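Structure, as structure tokens:
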Amino acid sequence: MGATMTQKILARASGRDSVTNPVAHGEIIWASPDLVTAPEVSFSAYIKRIREIGVTRLAHPERVAVIIDHEVPVHSIAGAERNKLTRKLAQELSVGHFFDGAGITHPLMVEQGLIAPGMFAAGADSHAPGLGAVGALSVPFGFEVAMVLATGQIWMKVPETIRVRLHGACAPGVGARDIVLATMQQLDDEATSYRVIEYQGEGLSTLSVPERMTICGLCVDAGAKSGIAAVDQRCIDYLREHGVADPKPPELINSDTDADYAMTIDLDLATLTPRVSIPPSPNHVREAQAMSDIAIQHAYIGSCVSGSIEDIRAAAAILRGRKVHASVNLLVIPATQQVFRQALQEGLLTELTAAGANISPSTCGPCFGGIAQLTAGERRISTSTRNDPGRMGSNEAEIFLASAMTVAASAITGHITDPRAYAKGGVQ
19 MGATMTQKIL ARASGRDSVT NPVAHGEIIW ASPDLVTAPE VSFSAYIKRI
69 REIGVTRLAH PERVAVIIDH EVPVHSIAGA ERNKLTRKLA QELSVGHFFD
119 GAGITHPLMV EQGLIAPGMF AAGADSHAPG LGAVGALSVP FGFEVAMVLA
169 TGQIWMKVPE TIRVRLHGAC APGVGARDIV LATMQQLDDE ATSYRVIEYQ
219 GEGLSTLSVP ERMTICGLCV DAGAKSGIAA VDQRCIDYLR EHGVADPKPP
269 ELINSDTDAD YAMTIDLDLA TLTPRVSIPP SPNHVREAQA MSDIAIQHAY
319 IGSCVSGSIE DIRAAAAILR GRKVHASVNL LVIPATQQVF RQALQEGLLT
369 ELTAAGANIS PSTCGPCFGG IAQLTAGERR ISTSTRNDPG RMGSNEAEIF
419 LASAMTVAAS AITGHITDPR AYAKGGVQ
């Protein structure tokens, strides 16, 4: 029996050979992460905890990335104090990679070439699986990250894998968000619990690496342990362009043809339609075209899973020559400062502001209620990660989740709108 991508990665991370000494599904192992990511909202708490037990240095500071991304620019005294402490600790502990306001953790790690095929990452954020876009296994942990910082190791059970085979290509107006929402519709929490969702198939080659970050990062909202995408030439080319000199070839990383999967799902991308997650959970999914009676007052394009240059291009294409509805506030936040600069150079931010959008520096921002909060009775359609009550302000506000194209089209009309007519140029 062959090994899945997850088994291969965890075997190496635990000091074993996936062929001669493989790890088995359900086996408890001790693994050494190649990368540990921690945002400012949790890093100082981890350091406080390990210092309480006498640990004064990091086991592998060169493997640690600390990112100030949640409250940028800072908007509270408490946040300012926390950011100040984070900077101080990062310097004291000789953290290998420190980013202050450069962007949101997960896209930043991929953009900076800090993650590569076959690596195992431990992330202090629930959407850490976005790093799976490049054939890495990135698992979100809570306070267990403190143990990794102190010891360089973490224990975990080897998860089973759900295989999702992608076929064909998406039609205009349909994107990566719709792929993962279609996946959610075929899986329940029982099916995904403590399993990794692995995307593969010829349809995967139609998706850019940032689009793969969307489908991998949102796997946790389908109830999965993590998400990962098979490695192909498009992925290798992206990595080389972003500073990974010698990424491991696909044949060493991808699942063996005789690997054991918990289940297999096939998705024909050409048949997919725009979808929307309705409150109070991301996996409550409906067709966008069936929701045109729902008015919105706010729209947001950004977050770790949907603030890429591709998302901004897609939104700008729909908004080009049009105006945001008078009753809607549209906020656009590029996921990283590099994406911000590229969007500026391409003239996309000019087009978006001409349409009536507001632009913010790269930050998690509204996704966790940091800025642009909602009041009772308001609705926002958003490309962010979650829509549980109170996520963006009032418990009595409603959050709908969709692709950048669906959000842009909805911002124009003032109600939830299927973007396909706009994407095909059928609406003037």
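Numbering of the sequence shown is given in the numbering used here, commencing with residue 19 and proceeding in unit increments. Note that CB positions come from ideal geometry on N, CA and C, so glycine has one too. In this text, all values refer to a predicted model and were calculated from it rather than measured experimentally.
Looking at the secondary structure, which residues open and close the alpha helix (DSSP H) in which Gln25 lies? Met23 to Ala31
Terminal residues of the continuous beta strand (DSSP E) containing Met19? First-last for Met19: undefined, no H or E at that position.
Of all the alpha helix (DSSP H) runs that stay within the bounds of the region 171 to 232, which reach a length of 4 or more residues? 194 to 204 and 207 to 210
Given Ser378 as reference, the closest of Ile246, Thr393 and Ile319 once Cα atoms are compared: Ile319
For the pair the region 379 to 393 and the region 402 to 417, tell me if three or more CB-CB distances fall below 8 Å. yes
If distances are taken between C-alpha atoms only, which option among Pro190, Ala426 and Pro91 comes closest to Gly121? Pro91
In terms of residues, what are the limits of the beta strand (DSSP E) holding Ser295? Annotation: the continuous beta strand (DSSP E) that includes Ser295 extends over Arg293 to Ser295.
Given that a residue counts as buried once 16 or more other Cβ atoms are within 10 Å of its Cβ, and exposed if not, what is Ser326? buried
Relative to the C-alpha of Glu396, which residue among Ala332, Ile312 and Leu76 is closest? Among Ala332, Ile312 and Leu76, the Cα nearest to that of Glu396 is on Ile312.
If you check the beta carbons only, do Ile314 and Ser428 fall under 7 Å apart? Yes. Within cutoff.
Can you give me the C-alpha to C-alpha distance between Glu269 and Gly221, rounded to a whole angstrom? 18 Å
CB of Ser223 within 7 Å of CB of Arg258, strictly: no
Hey, Pro437 and Ile336 are a contact pair by Cβ (cut 8 Å); roughly how many whole angstroms apart? 6 Å
Pop quiz: Gly447 and Val249 are said to be a contact at Cβ under 8 Å. What is the actual Cβ separation, rounded to whole angstroms? Since the first residue shown for the chain is 19 and the last is 446, residue 447 is missing from the structure and cannot be characterised.
Check whether the region 56 to 74 and the region 177 to 196 touch, using three or more Cβ-Cβ pairs below 8 Å as the test. At 8 Å Cβ cutoff, the stretches do not touch.
Within 10 Å of its beta-carbon, does Ala284 have 16 or more other beta-carbons around it, so buried, or fewer, so exposed? Going by the sequence as given, residue 284 is Asp instead of Ala. By the neighbour-count rule (16 or more Cβ atoms within 10 Å), Asp284 is not buried but exposed.
C-beta atoms of Ile133 and Ala194 nearer than 7 Å: no
Cα-Cα separation, His433 to Pro292: 15 Å
Beta-carbon proximity of Thr104 to Phe159, cut-off 7 Å: No Cβ-Cβ contact shorter than 7 Å links Thr104 with Phe159.
Let me confirm a value: Arg69 is counted as buried when at least 16 other C-beta atoms fall within 10 Å, else exposed. Which label applies? Around the Cβ of Arg69, a 10 Å sphere holds fewer than 16 other Cβ atoms; the residue is exposed.
Proximity winner among Val166, Gln25, Val41 and Gly131, relative to Pro79 (alpha-carbon distances): Val166
Three-state secondary structure assigned by DSSP to Phe358: Three-state result, Phe358: helix.
Provide the residue(s) that pair with Asn347 in DSSP beta bridges, ordered along the chain. Asn347 is bridged to His316.
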